[in-house]
Structures are given as structure tokens and as C-alpha cells.
Amino acid sequence: MSQEYIAIFMFASMMLALLTGQRVFGAIGGIAAIAAVALWGTGGSDIPFSAAMKVMKWYPMLTLPMFIFMGYVLSESKIADDLYKMFHVWMGSVSGGLAIGTIGLMVLISAMNGLSVAGMAIGATIALPELLRRGYDKRMVTGVIQAGSSLGILVPPSVVLVLYAMIARAPVSKLWMAGIIPGLMMAGMFIVYIYIRCKITPSLGPALSKEELVEFEEISEHPIRFNFFVLAGIAVLIISPMTGILPFNTAALIALGLFALFAVFRNKPGTSYDLYLKEKNRLLFSGMLPLVIFFSMMVPFINGWTSLVESSAVGAMTAFGAAVLKGRMTRHVFEESVRNTLAISCMFMLIVVAALGFGAVFDGLGAVRAIDGLFREQLGLNPW
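If you number the sequence shown the way the numbering used here does, the last residue is 698 and the count never jumps.
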């Protein structure tokens, strides 16, 4: 059998295995392993081992658990809930405003986590019940959540683009910059469509009544507490990379020490300040916290002050500090965040190992060149 037919048969078999509902790493890696053993005998069994060793040596792989941990901390600590409540209040007076706010929530969740599945999970648990309770059309609600969660592939820090950059040896920063504009354009198109559709047919997305909005104009019973130790720790993490005053490792140790002091003197008078605001403004302030975390991570990386791995560590540490600051970093939240981080990180690593093994078999066959010759020489197709 020629190389072209072997390559086509491998690809068709992989797609068939995926269509049967098999796990991605099992479908890709299984086909690669079977092809390797069939072509080269027991010598082909070294391919998965070589692929695994290559993954373990990739320093940028450390970014995956950092980004994922950051997202799960924000999700499990209910900081993402505050973000949705902010959109709920500030956009509720507009027809379709809650659906528009859900798209905004998805964009920011993607910016905090980098995974589409995280946006889908948060949207289904937070936004879906509230939208249905407010009388929104079921088909519109499910479409908004599904379309909004797909933005996680494009909006930085996209984990998918990080994986692609490592496999294709392309700069992560350039891929992120290439993805953010289309991602925001898609979000804008979704918002415009929802607004126009709900203006034409208000029953699809009714606005909140004035009576419902009045309660948010009252002074909140829950103040915003500023703890000086945590604020100082976050400031050290943000300012040090920008100014170069301290090495990153030193800044991280100082921040950890300040967070530890917060844990010891948490209830001591004089270590914090309570700010009472209207409920509407309190929610706006709370909703800005994820944006602060996002920019504290992305600005130093884009400007070259930190590497990709260091920026992911800044994001994870800042999210952890924010959860501690709001008093939501309980043992349950920490355990769930770590458990989910390990599960998702291992899944991604298995997929990368399987993809590298599949690619190694293709390279060994010379299938890429053979397929290129098939389309360009035999079929006479243009390279583009």
C-alpha cells in the first residue's frame, strides 16, 4: 500500500473512532500505536515513550496547570458569580440585556481560564437558571451559552493556542494577538444580534422592571473589605515585573509572605478597611476584580517584562490572593480547584502525547510530503 493510502486510512480511522464517542487521546493515540506496530513491529512501541519524554521536557507546558488553576479558583470561589451579578444589574434594563451580559461573562471567563469547557460549565450553572427564570426564550438561552463558550479558543490566554504554539513552534504572543481581535469581533456580533432580535421581539429577552432595579440602588449590607496585607502582596506581584525592582522569584516569595500574614492577622483591627457602597456600585467594583487579575497577567507578558510561564504564575497567584481577600479560599474551594486542575491538565497532556505520536508516524512515513505531492502534482491543485 502506498504512503498516500496509508495516511488517508489512518486519518479516516481516527475520525471514525472520534465519531463513535471514544476519548480524544484514545482515538488519536490508539490509531498511531496500531499503525506504528503494524508498520515497524515492536520498534514502533518506542514512539509513545519518545513523545511522552518530549512533553515532559517542554518548559511552556507549566503554563497549562497555572491557567487552569486560576480559572477554577475564580469559579469555585464564586468570584465569577459576582461578575454575572454585575452584568445582571447593569445590563438588565435593556431588552436582551441578561443575554448580552452572558456574552460579556463568557468573554471574561475565557480571558480568565482559556478553556471553552469552563465557559460552558459556568454559563450552564450560573446564567442558564437565571435567564430561564426571567422568561427568556429557551432556544436563545442555549444558543447564547454555546456560542459564548466557543470564544475560549480565541481569547487569550487560550490553552488551545498555547498547545498549538508548542507543537507548531510558533510564538504564543503572536497567536494570542491574532486570536483576540476575531474573538472580540465575534462577541460584538453576538451582542448586536441579540440586541436587534430582542428589540424586534421583546418576548425573547424581556428587560428587568423598574421595581426589580430599585433594590440595587440601596446601600449594600455587605461592605467591600480592603486588607492591607493582601493588597500589598498583589501590588508586589504587579509592580515588580513592570519596574524590574525585584526579580520575579523574590517578588513571589514576598507576596506569599504577605498572604501568610493576612491568614494570621485576618481578624485583627487596623489591618483592613470596610467600604460601604450602593449595591449596584458594589457589584460593579466586585465585577472589576477579574479584569484586574487578567491585566496583571497579560500586560507584563505582552510588554516583555515576564515570560509566558511567569505570567501564568502571576495570574494564578493573583487569583488565589483575590479569593483570600474576599474570604472565600476555604479548604473545599482549594481542594476542588487543585483536583480539577490536575484532571484537566492530565487530559491535555495525554492529548498532546497522542498527537505527537500520531505526527511521528506521519513523519516516519513521509506522509506529509506524499499528500502534498498528491494534491499539487497528481490533482494539479494550487498550493493555496
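We treat Cβ as the ideally placed atom computed from N, Cα and C, and that holds for glycine.
Would you mind sorting residue i into buried or exposed? The rule is 16 or more other CB atoms within 10 Å of its CB.
{"i": "residue 371", "result": "exposed"}
{"i": "residue 516", "result": "exposed"}
{"i": "residue 373", "result": "exposed"}
{"i": "residue 504", "result": "buried"}
{"i": "residue 567", "result": "exposed"}
{"i": "residue 334", "result": "exposed"}
{"i": "residue 549", "result": "exposed"}
{"i": "residue 654", "result": "buried"}
{"i": "residue 470", "result": "buried"}
{"i": "residue 649", "result": "exposed"}
{"i": "residue 514", "result": "exposed"}
{"i": "residue 644", "result": "exposed"}
{"i": "residue 641", "result": "exposed"}
{"i": "residue 636", "result": "buried"}
{"i": "residue 608", "result": "buried"}
{"i": "residue 355", "result": "exposed"}
Please report how far the alpha carbon of residue i lies from the alpha carbon of residue j, in whole angstroms.
{"i": "residue 383", "j": "residue 339", "result": "22 Å"}
{"i": "residue 604", "j": "residue 422", "result": "8 Å"}
{"i": "residue 400", "j": "residue 415", "result": "9 Å"}
{"i": "residue 457", "j": "residue 560", "result": "47 Å"}
{"i": "residue 360", "j": "residue 634", "result": "40 Å"}
{"i": "residue 511", "j": "residue 350", "result": "53 Å"}
{"i": "residue 651", "j": "residue 353", "result": "43 Å"}
{"i": "residue 442", "j": "residue 459", "result": "8 Å"}
{"i": "residue 449", "j": "residue 410", "result": "11 Å"}
{"i": "residue 614", "j": "residue 489", "result": "17 Å"}
{"i": "residue 474", "j": "residue 518", "result": "34 Å"}
{"i": "residue 656", "j": "residue 631", "result": "17 Å"}
{"i": "residue 485", "j": "residue 625", "result": "15 Å"}
{"i": "residue 337", "j": "residue 407", "result": "44 Å"}
{"i": "residue 612", "j": "residue 623", "result": "11 Å"}
{"i": "residue 405", "j": "residue 451", "result": "17 Å"}
{"i": "residue 377", "j": "residue 495", "result": "22 Å"}
{"i": "residue 669", "j": "residue 330", "result": "16 Å"}
{"i": "residue 391", "j": "residue 397", "result": "12 Å"}
{"i": "residue 507", "j": "residue 403", "result": "21 Å"}
With DSSP run on the structure shown, which of helix, strand or coil describes residue i?
{"i": "residue 589", "result": "Any answer about residue 589 is weak, because its pLDDT of 49 lies below 50 and its placement is not dependable; what the coordinates show is given next. DSSP places residue 589 in strand when its eight states are reduced to three."}
{"i": "residue 450", "result": "coil"}
{"i": "residue 521", "result": "coil"}
{"i": "residue 329", "result": "helix"}
{"i": "residue 463", "result": "helix"}
{"i": "residue 392", "result": "coil"}
{"i": "residue 643", "result": "coil"}
{"i": "residue 351", "result": "helix"}
{"i": "residue 604", "result": "helix"}
{"i": "residue 469", "result": "coil"}
{"i": "residue 618", "result": "coil"}
{"i": "residue 324", "result": "helix"}
{"i": "residue 334", "result": "coil"}
{"i": "residue 409", "result": "coil"}
{"i": "residue 496", "result": "helix"}
{"i": "residue 560", "result": "coil"}
Taking the alpha carbon of residue i as the point to measure from, which residue in the options has its own alpha carbon closest?
{"i": "residue 569", "options": "627, 518, 608, 620", "result": "627"}
{"i": "residue 675", "options": "347, 341, 322", "result": "347"}
{"i": "residue 574", "options": "657, 639, 485, 518", "result": "639"}
{"i": "residue 501", "options": "477, 463, 486", "result": "463"}
{"i": "residue 617", "options": "329, 487, 494", "result": "487"}
{"i": "residue 447", "options": "472, 419, 412", "result": "412"}
{"i": "residue 493", "options": "467, 506, 479", "result": "467"}
{"i": "residue 498", "options": "328, 418, 364, 332", "result": "418"}
Taking residue i and residue j to be in contact with their CB atoms under 8 Å, please state how far apart those CB atoms are, rounded to whole angstroms.
{"i": "residue 565", "j": "residue 554", "result": "4 Å"}
{"i": "residue 445", "j": "residue 455", "result": "5 Å"}
{"i": "residue 477", "j": "residue 666", "result": "6 Å"}
{"i": "residue 659", "j": "residue 379", "result": "4 Å"}
Examine the ligand ATP and report whether any of its heavy atoms sits within less than 7 Å of the Cβ of residue i.
{"i": "residue 673", "result": "As for the ligand ATP, it is missing from this structure, which has no ligand bound."}
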